[in-house]
Amino acid sequence: MTHLVVGYPSLDANWSMLQAMDRAGVDLVELQLPFSEPIADGPSFVRANHEAIRSGTGWREYFDLAGRAAAELDLTTLFMGYYNSVVQMGAAQFCEQLAKGRMSGFIVPDLPPEEGGELYAVARSLELDPVQIMTPTNSRARLQEIGRHASGFVYCAARTGVTGRQTDVSQGLGDFLGRCREATSVPLGVGFGIRTPDDIRALRGSAEIAIVGTAGTEVWLEQGLTGYEPYLDSLVAEAT
Amino acid sequence: MAAEHASWEPGPGGYYGEFGGSFVPEILHETLAELREAFDEARQDPAFWGTYTDLMSGYAGRPTPVTHCPSLTRLLGGAKVYVKREDLNHTGAHKVNNVMGQGLLAQRMGKRRVIAETGAGQHGVATATMAARLGLACTIYMGEEDVARQYPNVFWMRQLGAEVVAVKEGNRTLKDAINACLRDWAESMHDTLYVLGTVCGPHPFPQIVTYFQSIIGQEARGQMLEVAGQLPSRVYACVGGGSNASGIFTGFLDDPATELIGVEAGGRGPDTGLHASRLAGGQGTSGVAQGYRTVFLQNEEGLMHDTYSVAAGLDYIGIGPLLAHLHQTGRVRFESATDDEVVESLRLAMRHEGLVPALESAHAFAAAFREVPDLSPQDTVLINQSGRGDKDIFTVADALGDEEWREFLRQRAAGYDA
Ligand SMILES: Cc1ncc(COP(=O)(O)O)c(C=O)c1O
């Protein structure tokens, strides 16, 4: 799964990135709706959120892009964003918008499962997956609790902290993923600091989905489409 | 006596009515659970509040007095005016009450480092002081804008041994410093306690901070009975996040005849967009950010507005969930005061009573000065002077247009260039 902050660096760039993902055979993409207080994100996504807002990206631009991806590309998209956006839209309208854009579900990192009741109920009625997050600091009991709400897949954060920093995939990750596996039967996705084909190879056998976030946007910013395409190809080659 | 008051305790999940709760990335779940447990244990340990009050009296200078103000009373010609003197605390503001309490908690939990956000710098200075006193490592996050406005406080934090990080994200003020702290904590929680500076953020912070700040209200209630012979008709406190207000209000929540008034930053005026009035004037709306549900200044899509106040400590987009709830139930009335009114009130307090309130606190004075003339001489009002104003000398001298101060600065600067 790959990621982009909608509106950053621009909506046009987003479209080129999505087309490149589609060509490379990426199957899942997180589309992040920019928010002014992105507390789960590291410095580069924080900047991306703020710049996207500054250049005028709002709900309309976001759902237009999602709708266009659904109509023209072969990708499955997933909503990623913060709970205040959902609160302001209202659970029903939020889920309807996602269903209309043929998005498969949502990741809302500041919404703990015990607060998700109403939203999850609406989501299930529209066959949307509320994707849960498991972290290395979670106790076994907490993992079980999160597992009870799991739907679609579980997002396993490979380390503590926020997005963007490098992760040493070898360290303790296997144990953690083992505990996640005990807590749920849905596929496991691993994200936070996954950047290279080597990282993806190291996950083989212990997780089903590799999630590449910050690194992809960095490659786009540094090398543009010419570097982005072979980068995606190298990731997909390792993942399949 | 332990600070146990059912009337301001949150319900299950950390809710005050519909406000509060805990909306944080899952990585912080166990950390907040650990903090809740440590806090509950500490509170049930009868010795803990005793250790706290001992430290406050032996180190911080408590109890702070309630001061009768005869000149202001004469001048305003209405109710008798009293002031609770939180400015007399060590480090010059109520912030120390909370910080020392959380420092004791950090020690109990075996943490060796503390982090904190700061707006005006008062909470940062207080935290750095506490860390020095208790032997903890300390990092302070402060918006770049606030670093520029409140540099003297940055200087003091560094002298006290704290690392000060200027936050360059967002509008570079308090809310961005809070976000930066939550991010640091998500990586450092194994050995670090986030010492939140006000009654905001995820549960249990609003509860913890209210608990420690309730020492203001406990003292003030007894002192008013003693000094004025009666409970105050009205209590005024400025509201940034809301900790000094919650602290003094908790002392009077169960006294229905005492009206409680929270005063927000009116900035350049309610219609200018340059203010931080969330409840007064009704421009704030309910939402979830920075780990909790409260009333924020935000647009229809839930993006936070920029806020503004001459007082850096009031320049915040959210408000303590307890206060949002007390506003909704009508127990606390909210007003705002503009920068101009605040500077005028500061001038009055200095000239007529020799009090030097912080610009933040001067908001409470401004609202009280507006209303006191309409009350009767049988009434008494209590104003919380949350901090002292000497930290604001640059801002105040600017606001008062003091030419001699400018000349002094020019001479000092020339001295460095030579
Ligand atoms: C002197 C003073 N008063 C009031 C405040 C506002 O904070 P709160 O509303 O939490 O008391 C601050 C914040 O920095 C302050 O320094």
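Here the protein sequences line up with chains E and Z, keeping their order. If you read the first sequence in numbering that gives the first Met the number 0, its first letter stands for residue 0, the second for the next number, and so on. If you read the second sequence in numbering that gives the first Met the number 0, its first letter stands for residue 0, the second for the next number, and so on. Glycine is no exception: its CB is placed at the ideal position from the N, C-alpha and C atoms.
- At a threshold of 8 Å, residue 117 (chain Z) counts as near ligand 1, since its beta carbon sits closer than that to one of the ligand's heavy atoms.
- Counting of Cβ neighbours within 10 angstroms places residue 198 (chain E) among the buried residues, the total reaching 16 or more.
- Secondary structure at residue 401 (chain Z): coil, using DSSP grouped into helix, strand and coil.
- Closer than 8 Å to some heavy atom of ligand 1: that does not describe the Cβ of residue 289 (chain Z).
- Listed as beta-bridge partners of residue 237 (chain Z) by DSSP are Z:262.
- At least one C-beta of chain Z is nearer than 9 Å to the C-beta of residue 132 (chain E).
- Counting the other CB atoms within 10 Å of its CB gives residue 220 (chain Z) a total of 16 or more, which places it among the buried residues.
- For residue 2 (chain E), the enclosing beta strand (DSSP E) starts and ends at 1–4.
- Neighbours of residue 22 (chain Z) across chain E, judged by C-beta separation under 8 Å: 82, 109, 110, 111, 114.
- Interface criterion met: the Cβ of residue 285 (chain Z) is under 9 Å from a Cβ in chain E.
- When CB distances to chain E are screened at a threshold of 7 Å, the residues of the segment 180–201 of chain Z falling below it are 181, 182, 185, 186, in chain order.
- Counting of Cβ neighbours within 10 angstroms places residue 298 (chain Z) among the exposed residues, the total staying below 16.
- In the DSSP assignment, residue 188 (chain Z) falls outside any alpha helix (DSSP H) and carries neither an H nor an E.
- Taking a beta-carbon distance threshold of 9 Å, residue 30 (chain Z) counts as an interface residue toward chain E.
- Rounded to the nearest whole angstrom, the CA to CA distance from residue 109 (chain Z) to residue 57 (chain Z) is 23 Å.
- Residue-level contact check: residue 139 (chain Z) does not touch chain E, since none of the beta carbons of chain E fall below 9 Å from its beta carbon.
- In this structure residue 207 (chain E) touches residue 188 (chain E) by the C-beta definition: roughly 7 Å separates them, less than 8 Å.
- Note on residue 326 (chain Z): 16 or more other CB atoms within 10 angstroms of its CB, so buried under the neighbour-count rule.
- Rounded to whole angstroms, residue 124 (chain E) and residue 108 (chain E) show a C-alpha spacing of 21 Å.
- Residue contact check for residue 168 (chain Z) against chain E: a CB pair falls below 9 Å.
- For the options E:23, E:7, E:22, the alpha carbon positioned closest to that of residue 45 (chain E) is the one of E:7.
- Of the residues assessed, residue 193 (chain E) falls on the buried side of the cut-off, its CB having 16 or more other CB atoms within 10 angstroms.
- The nearest non-hydrogen atom of ligand 1 is 8 Å or more from the C-beta of residue 147 (chain Z).
- Between the beta-carbon of residue 60 (chain E) and that of residue 90 (chain E) there is about 22 Å, and that puts the pair past the 8 Å contact cut.
- Neighbourhood of residue 173 (chain Z) in chain E, by CB distance below 7 Å: empty, with the nearest CB roughly 12 Å away.
- For residue 88 (chain E), the enclosing alpha helix (DSSP H) begins and ends at 82–88.
- Residue-level contact by beta carbon fails for residue 143 (chain Z) and chain E, as no gap is shorter than 9 Å.
- Excluding the 5 residues flanking it on each side, residue 75 (chain E) has same chain C-beta neighbours closer than 7 Å at 26, 27, 103, in chain order.
- By the neighbour-count criterion, in which a residue is buried when 16 or more other Cβ atoms sit within 10 angstroms of its Cβ, residue 373 (chain Z) is exposed.
- Rounded to the nearest angstrom, the gap between the Cα atoms of residue 18 (chain E) and residue 218 (chain E) is 16 Å.
- Under the 9 Å criterion on CB atoms, residue 122 (chain E) is classed as non-interfacial with respect to chain Z.
- Annotation for residue 70 (chain Z): the continuous alpha helix (DSSP H) segment containing it runs 69–75.
- Taking a 10 Å sphere around the C-beta of residue 148 (chain Z), we find 16 or more other C-beta atoms and assign the residue as buried.
- For residue 289 (chain Z), the C-beta contacts it makes with chain E under 8 Å involve 36, 38, in order along the chain.
- The beta carbon of residue 168 (chain Z) is closer than 6 Å to those of 175 in its chain, skipping five residues each way along the sequence.
- Going by beta carbons, residue 320 (chain Z) and residue 205 (chain Z) fall inside the 9 Å limit.
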